[in-house]
Structures are given as C-alpha cells and as structure tokens.
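Okay, structure first, notes after.
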Amino acid sequence: DQQVKQNSPSLSVQEGRISILNCDYTNSMFDYFLWYKKYPAEGPTFLISISSIKDKNEDGRFTVFLNKSAKHLSLHIVPSQPGDSAVYFCAARVPSSNTGKLIFGQGTTLQVKP
Amino acid sequence: GAGVSQSPSNKVTEKGKDVELRCDPISGHTALYWYRQSLGQGLEFLIYFQGNSAPDKSGLPSDRFSAERTGGSVSTLTIQRTQQEDSAVYLCASSAQAYIDTQYFGPGTRLTVL
C-alpha cells in the first residue's frame, strides 16, 4: 500500500525553464509535506515543506503547491539550473504517531540540461 | 557543525552473516530515525528513537533486525543472518525534536548481501 506516490520516475528540462515534479497521496490525515533532494552517494537534504493548512509555500526558486481535495502536491523550480539535477523525494508526515516518521514516495530523477 | 555520519559507507557480506551499521547523529539531537532505500524504491521507515528508547519499531521487517542507541547519541542497527533481500542503502536521520523539526540525513550505508 503505497501511501505517497511519485508516478514519474524521471523528468528532463532545459536550463532556465520550469521543472514541475508531482506527488500524490492517499491518506487525508497527513498534516505536513516535505520535499527532499538527493545527490548520488549523499543523504537526502531538506528542500521545502508545506503544512496541510496552506496551499502554497515559496522559497526562492522553489515553490510547493498543495491541493488537498485532489490529494496532490507539486514542486515547481523556476528557473531550473544544471545543479538542480538530482533525485527529488516527496514525503508526508504521519500525525497519529507523534514520532515525526515520514512516508516517502519513490523519487523522481530530474535532469536539467545546459 | 558536523552533520550526521554513518559507517561503513559500503558493506559487502555473505548471506547468513551478521552486520552492524553505525550512525552518529548531530550533537544534541534527541530524535533519531533509521530508513532504508531498496533499489528503485523510496525510503522506508524502520525505527525511531527518542533518547535511548525506541517507542516506534513498526518498520523493522523481521526479528532479524534490531537497533539500539546509547548515551542519547550513537545508534547501531544490527541485521542477523543477512538475506539477499536485505541489500539496500540504510539511512540514518536525526532531528532536534521529534515531529516538529527537520530531519537531517547521513550519507547512508550501502549494504550488499551476496
């Protein structure tokens, strides 16, 4: 039972254009969503997050949108840069556990071409 | 300051052997998590520590897996009688406080069971 899904395994965009990474979830009880970025041979690093009471959060070139009715969130990167090439994981926090454990999607590999 | 460190970075073992994976969290972080990433999959939660106790072990796949944390700091994940399906990258993360603070990940240990 995959509660967090990233249906696109990979995405390729041109430098300077917008990258849109998508994530769907099934559990309406999730209260907090995060995006992590991972380079090869490194651990995931936190990128941006959004509370379930909001529909948008922006941090520089990165914006996360949350559509609760559709159980869908997306990460927009504008403009995309070659250094953004990495694997992006969507994650959701499980509120009932009070532990902060995260449920992750399978990841989307983004390639930004110069 | 120093981030989360893990050792070894790579471990190759034979089926049936026991392995120990080590995690050094960020100093002062009370919450510690173990996740694993199998090939082509997202990160899968294994266990959560608050201080030296583990109130959530729900992700451990079998009784061959165990973990401990000492001094509220270093944690060791032990896999007994390893199987080929245990091959994965094992990631450790820590946060200042569970649930509300960002989880910071180590680089992971790549375990290969032959």
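Keeping their order, the protein sequence lines are chains A and B. Sequential numbering from 45 applies to the first sequence in the working numbering. Sequential numbering from 10 applies to the second sequence in the working numbering. Each residue gets a CB set at the ideal place from its N, CA and C atoms; glycine is no exception.
- Message: Among the candidates L110(A), Q125(A), E102(A), whose CA atom is the shortest distance from the CA of R61(A)?
- Response: Taking the first sequence and counting its residues from 1, the one referred to as residue 61(A) is at position 17. Residue Q125(A) is the option with its Cα nearest to R61(A).
- Item | Whole-number beta carbon distance between G60(B) and A105(B), since they are thought to touch under 8 Å | For this step, residue 105(B) is matched to residue 96 along the second sequence. For this step, residue 60(B) is matched to residue 51 along the second sequence. That belief does not hold up - the Cβ atoms of A105(B) and G60(B) are roughly 13 Å apart, past 8 Å.
- Query: Roughly how many angstroms separate the alpha carbons of F106(A) and K49(A), rounded to a whole number?
  - Reply: Locating residue 106(A) in the first sequence gives position 62, counting from the first residue. Locating residue 49(A) in the first sequence gives position 5, counting from the first residue. Taking the straight line from one Cα to the other gives about 20 Å.
- Beta-carbon spacing of T143(A), A102(B) below 9 Å: For this step, residue 143(A) is matched to residue 99 along the first sequence. For this step, residue 102(B) is matched to residue 93 along the second sequence. No. Outside cutoff.
- Query: Taking a cut of 9 Å between CB atoms, which residues from the stretch 132–146 of chain A lie near chain B?
  - Reply: F133, C134, A135, R137, V138, P139, S141, N142, T143, G144, K145, L146
- Can you find at least 3 beta carbon pairs, one from the stretch 14–25 of chain B and one from the stretch 68–87 of chain B, that sit closer than 8 Å? no
- Have a look at the DSSP bridge pairing and note the partners of Q58(A). Numbered from 1 along the first sequence, position 14 holds the residue referred to as residue 58(A). DSSP output for Q58(A) lists K157(A) as bridge partner(s).
- Can you list the residues of chain A that V13(B) reaches, using a CB-CB cut of under 9 Å? As a working note, residue 13(B) is residue 4 in the second sequence. G87, listed in chain order.
- Proximal residues of chain B, C-beta to C-beta of Q150(A) below 8 Å: Here residue 150(A) refers to the residue found at position 106 of the first sequence. Correct list: G49, Q50, G51.
- Among residues of its own chain, excluding the 5 on either side of V83(B), which ones have a beta-carbon nearer than 6 Å to its beta-carbon? Position 74 of the second sequence, counting from 1, holds the residue named residue 83(B). Cβ within range, chain order: D33.
- Message: Between which two residues does the beta strand (DSSP E) holding K81(A) run?
- Response: Locating residue 81(A) in the first sequence gives position 37, where the first residue counts as 1. Here the beta strand (DSSP E) through K81(A) covers 76–82.
- At what residue ranges does the stretch 98–124 of chain A contain a whole run of the beta strand (DSSP E), taking only runs of 3 or more? 100–103, 106–111, 116–121
- Task: Confirm, please, whether the CB-CB distance from L48(B) to T85(B) is below 9 Å.
- Result: Translated into the one-based positions of the second sequence, residue 85(B) becomes position 76. Translated into the one-based positions of the second sequence, residue 48(B) becomes position 39. No, the pair does not count as a contact, with Cβ atoms beyond the cut-off.
- Start-to-end residues for the beta strand (DSSP E) that takes in Q46(A): Within the first sequence, residue 46(A) is the residue found at index 2, counting from 1. Note, Q46(A): premise wrong, no beta strand (DSSP E); not H, not E.
- Euclidean distance between Cα positions of K157(A) and G87(A): Within the first sequence, numbered from 1, the residue matching residue 157(A) stands at position 113. Within the first sequence, numbered from 1, the residue matching residue 87(A) stands at position 43. Each residue's Cα considered, the two are about 23 Å apart.
- Task: Ignoring anything shorter than 3 residues or poking outside the stretch 59–123 of chain B, list the beta strand (DSSP E) runs there in chain order.
- Result: 62–65, 74–78, 84–88, 97–104, 118–122
- Message: Using only the alpha-carbon positions, how far apart do I147(A) and R137(A) sit?
- Response: Counting from 1 along the first sequence, the entry for residue 147(A) is found at position 103. Counting from 1 along the first sequence, the entry for residue 137(A) is found at position 93. Their backbone Cα atoms lie some 6 Å apart in a straight line.
- Query: Ordered along the chain, which non-local residues of its own chain (more than five positions away) have a Cβ less than 8 Å from that of E53(B)?
  - Reply: For this step, residue 53(B) is matched to residue 44 along the second sequence. Once the five neighbours on either side are set aside, the close Cβ partners of E53(B) are Y44, R45, Q46, S47, G68.
- Task: Buried or exposed for T70(A), please, with buried defined as at least 16 other CB atoms from any protein chain shown within 10 angstroms of its CB.
- Result: Counting from one through the first sequence, the residue named residue 70(A) turns up at place 26. Per the 10 Å Cβ criterion, exposed.
- Item | Pairwise C-alpha distance: S63(A) and G51(B) | Here residue 51(B) refers to the residue found at position 42 when the second sequence is read from its first residue. Here residue 63(A) refers to the residue found at position 19 when the first sequence is read from its first residue. Rounded to the nearest angstrom, the two C-alpha atoms are 20 Å apart.
- At a Cβ cut of 7 Å, what residues of the stretch 73–85 of chain A count as close to chain B, listed as they run along the chain? A85
- Item | Straight-line Cα distance separating V122(A) from G82(A) | Within the first sequence, residue 82(A) is the residue found at index 38, counting from 1. Within the first sequence, residue 122(A) is the residue found at index 78, counting from 1. The sequence shown places Lys at residue 82(A), not Gly. Answer to the nearest angstrom: the Cα atoms are 18 Å apart.
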